[in-house]
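Below you'll find the structure, written out as structure tokens, and then a few comments.
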Amino acid sequence: DSLAQALLRQSGTPLIIVQDGSKVFITTTLWRQLRARSIQLMVLNPICLLGLTINPTYPGGKGFDAEVLLQEMGKALAPLPVIDIMREAKY
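Take any residue in the sequence shown, count from 1 to its spot, add 48: that is its number in the working numbering.
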């Protein structure tokens, strides 16, 4: 986040190049701000995502409705398979 905030303060539209997507940790808000400023992010080695696992339980005990989470993530990421690891359910 600190790099993204520094880039937002700069003039111009820099291009950020990272080795792969696993190197990028940024909040949704900052991501949208970077995109609004046309600041581009590129990766040298794109990740080939084969599927996504979800766990509807927070470590603190709270959680999401498991079926709603699975359905919504499945719709948003189709055709990528989404798997609920706790219930062994797949969308």
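From the three backbone atoms N, C-alpha and C, an ideal C-beta is built for every residue, glycine too. This structure is a prediction, so every number in the text was calculated from the model and none was measured.
| Asked | Found |
| --- | --- |
| Inter-residue spacing [alpha-carbon to alpha-carbon] between Gly-60 and Ile-95 | 28 angstroms |
| 8 angstroms contact criterion, which Val-91 and Gly-69 should meet: CB distance rounded | 5 angstroms |
| Exposed unless 16 or more other CB atoms sit within 10 angstroms - verdict on Leu-118 | buried |
| Pairwise C-alpha distance: Thr-75 and Pro-107 | 20 angstroms |
| Classification of Asp-132 by the beta-carbon crowding that lies within 10 angstroms, buried from 16 upward | buried |
| Spatial distance of Met-38 from Leu-125 (CA atoms) | Coverage of the chain is limited to positions 49 through 139, which leaves residue 38 absent and any answer about it impossible. |
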